[in-house]
Amino acid sequence: MAAINKAFVPDDDFKETSSRRRQDRPTPNNKGTVCHVDIDGIDDSRAPKLSQILATLPALLGAFVLGTYLGWASPVMPQFKLTNSSTTTGGNNGQDENVWHLLLDEDQMSWVGSLINVGAVVGCLCGGYLMDRFGRKVILAVVFLLYIVGYLLITLAVDPSMLYVGRIVGGLAGGICCVVAPSYIGETTTISMRGALGMLFSAMMSAGILATSLLGWLDWRWISAICTIFPVVVLVGVIFVPDSPYFLVKQGRLDEAEGSLLWLRGNNHNYVKAELSRIEALVAEDAAQDFKFSDIIRPGVYKPVLIGIGLMVIQQLSGINAALFNSVDIFRLSGSSLDGLVSAVILNFVLLIAALSSSVLVERLGRKMLFLLSESLTCLSVVALGGYFYVLENDPATAQRFGWVPLTLLITFIAVFAAGVGPLPWLVAGEVMPAKFKGPGSSIVAFTNWITSFIVTKVFIDMQRSLTNAGTFWVFGSLCFVGILFGIFILPETKGKTPEQIQALFATNVSEPPKSGVNINSTTTSSVDQPSHF
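Going from the sequence shown to the working numbering is simple: count from 1 and add 169.
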């Protein structure tokens, strides 16, 4: 193994070393020399934080725009329904003589609300391939272009089909973003910043949902037009951020990779040289392994993928859809006379504050402990909500005397969900995925999230009819208990670990993560005998 000594090359020799690097260091096309690099002993605390925040801002704002797409339907659908019931309609699919006065029936509104999931599923499936083929930065720019096209179609819609296509295009962009953004954040941040910035992905999505709630008093076309401004601004910002150093090294563009790291880490040449060497060694090792689809049966591949899939399924089966669907009734039962839009703003504000707190909690408590704490409180809250609805269905008079109980449970449920179970799956899935399989692996995991969301949304009404509200909440509560067991026995702790250490957790021939300490050793092997992260 070749590792990097903490006594780095002096700055005076930097140019000479940079020129030698192209000849001596392994590249994807040079499979004879393999470097295994561990920078566990390198202190990244001096790496500037502002540059990392600025670099990841477009990826995080991609989640914000996705949040506006997800939250758009809530304030907009009542406008369609109200207009449809109070306006005399002409022919042509429920439109009157004014082509800009778009009317929808119940079935059309259902399609407008759900088609974003269809686009997202397609985006998840192709996002991994696209980011490995064209780069993280380029695909992020494409995501914002698609966001713009989607909102323009919605804003200028004169027919329901334009709304359908706009929602599908927005979902397509969102699905790609869910694959590319976490990967970009993980590959451009230091270990100490990775958790906090990774958790902000879900927080920014919550912020986008809140933004559309705050715009709910405007006409739906104005809401859509304002939402179009966000991706336009961010698209300009994407031009100025660097691409992923890992992708650049993988493409053999070492000068650009070095420039990217200098942009991200400041002018600390020693640290940049160390991290660049680690990335080159990781790319060389991955390149020496000719990945085949059959490698999915190897523990270093299928274990991280299954963990990501499990987290996404647990997130969607937590009961968040049931809680939000009944939120208006819960506010009514508490005796509140608040308008539905005001109630939505309150809930989305709680969601945002809790999601922001998760970026602090994840580094203090760790991934595993935060997940267990969040899932446990989620389980208790949703079971208690089921108990209240059971009392309401059998003894309404008693239930109404304790109207504050469901409101308290609802706010508690949303807060603990947003602080852990909501954002953690995206962070952990990005951390555990092996670099060689990150593209398809991330696509599989994101696809699981969206397809599970689609299924839960579709069957939820049937569950309510057959099981009542109480039974539905209790079903989700039992599934939350399964999530607790998953967190105890399966979920690994990834806090403070390098990608190499995380992969060592899944390797069959490694019993523990690599220990701290760095030295220099050089090994030349054939591609057959090469050690593997898997």
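Ideal placement from N, C-alpha and C gives every residue a C-beta, glycine not left out.
Note that the structure is a prediction, hence the values are computed from the model and not measured.
Where residue i falls, given that 16 or more other Cβ within 10 Å makes a residue buried
| i | result |
| --- | --- |
| S330 | exposed |
| N436 | exposed |
| P565 | exposed |
| T567 | exposed |
| V452 | buried |
| L593 | buried |
| V628 | exposed |
| L521 | buried |
| L341 | buried |
| R570 | exposed |
| G477 | buried |
| G385 | buried |
| A457 | buried |
| S393 | buried |
| D181 | The predicted position of D181 is uncertain, since its pLDDT is 38 and thus under 50; no value can be drawn from it. |
| S622 | buried |
| L654 | exposed |
| V614 | buried |
| R302 | exposed |
| I317 | buried |
| L674 | buried |
| R634 | exposed |
| W391 | exposed |
Within 8 Å, strictly: CB atoms of residue i and residue j
| i | j | result |
| --- | --- | --- |
| A232 | C346 | yes |
| G339 | G288 | yes |
| F416 | G535 | no |
| L707 | F540 | There is simply no residue 707 to check, as the chain begins at 170 and stops at 703 in what is shown. |
| L369 | T358 | no |
| V597 | I483 | no |
| F518 | S550 | no |
| E544 | G652 | yes |
| L272 | F249 | yes |
| G355 | V531 | no |
| L636 | V644 | yes |
| A584 | S375 | no |
| G488 | F650 | no |
| E479 | I659 | Looking at the sequence provided, one finds Gly at residue 479 rather than Glu. For G479 and I659, yes; Cβs fall inside 8 Å. |
| D455 | A604 | yes |
| Q221 | L525 | no |
Neighbourhood of residue i by C-beta, 6 Å cutoff - its chain only, sequence neighbours within 5 removed
| i | result |
| --- | --- |
| V407 | P227, L309, A310 |
| V334 | L322 |
| K306 | D412 |
| P609 | G297 |
| L542 | none |
| E425 | L417 |
| Y320 | S393, C396, T397 |
| A523 | A584, A587, A588 |
| V245 | W389 |
Whole-angstrom C-beta distance between residue j and residue i, which should lie under 8 Å
| i | j | result |
| --- | --- | --- |
| E562 | A639 | 6 Å |
| F500 | L576 | 7 Å |
| I671 | V601 | 6 Å |
| V348 | G296 | 3 Å |
| S528 | A350 | Going by Cβ atoms, the distance from S528 to A350 rounds to 15 Å, so no, they are not a contact pair. |
| S352 | G509 | Wrong, their Cβ atoms sit about 38 Å apart, outside the cutoff. |
| A224 | V410 | 5 Å |
| M481 | T667 | About 24 Å; that fails the 8 Å criterion. |
| Y559 | L578 | About 13 Å separates the two Cβ atoms, so there is no contact after all. |
| K537 | E669 | With 8 Å as the limit, K537 and E669 do not qualify as a contact, their Cβ atoms being about 19 Å apart. |
| G646 | V552 | 4 Å |
| S243 | A513 | 6 Å |
Close Cβ partners of residue i (< 7 Å) along its chain, the five nearest in sequence each way excluded
| i | result |
| --- | --- |
| W619 | N286, A289, V290, C293, G344 |
| L430 | P414, V441, E444, L445 |
| W269 | V327 |
| L332 | V281, I323, A326 |
| D547 | In the sequence on display, residue 547 carries Thr and not Asp. Excluding residues within five positions, the ones whose Cβ falls inside 7 Å are S487, F582, V585, F586, V590, C649. |
| M362 | K218, Q221 |
Interface flag, residue i vs chain C, CB-CB below 8 Å
| i | result |
| --- | --- |
| A615 | Protein chain content of the structure displayed is limited to a single chain, and chain C is not contained in it. |
Spatial neighbours of residue i in its chain, beta-carbon cut-off 8 Å, leaving aside the 5 residues before and after
| i | result |
| --- | --- |
| G240 | G377, I378, L379, A380, T381, S382, N517 |
| Y471 | I465 |
| I580 | L516, V519 |
| L315 | V338, G339, L341, A342, I345 |
| P247 | G509 |
### Message
Which complete alpha helix (DSSP H) runs does the region 596 to 665 hold, if anything under 4 residues is left out?
### Response
Scanning the region 596 to 665 from its first residue to its last, the whole alpha helix (DSSP H) runs of 4-plus residues come out as 607 to 658.
### Query
In chain order, which continuous runs of the alpha helix (DSSP H) of length 4 or greater are located wholly inside the region 519 to 603?
536 to 563, 565 to 570, 573 to 585, 593 to 601
### Query
For the region 343 to 421, which segments carrying the alpha helix (DSSP H) assignment without a break, of at least 4 residues, lie completely within its bounds, in sequence order?
360 to 383, 389 to 407, 414 to 419
### Task
Write down every uninterrupted run of the alpha helix (DSSP H) in the region 271 to 303 whose length is 4 residues or greater and which is fully enclosed by it, in chain order.
For the region 271 to 303, whole alpha helix (DSSP H) runs of length 4 or above, ordered along the chain, are 275 to 303.
### Task
Identify every run of the alpha helix (DSSP H) within the region 433 to 499, keeping only runs that are complete inside it and at least 4 residues long; order them along the chain.
438 to 457, 468 to 485, 489 to 494
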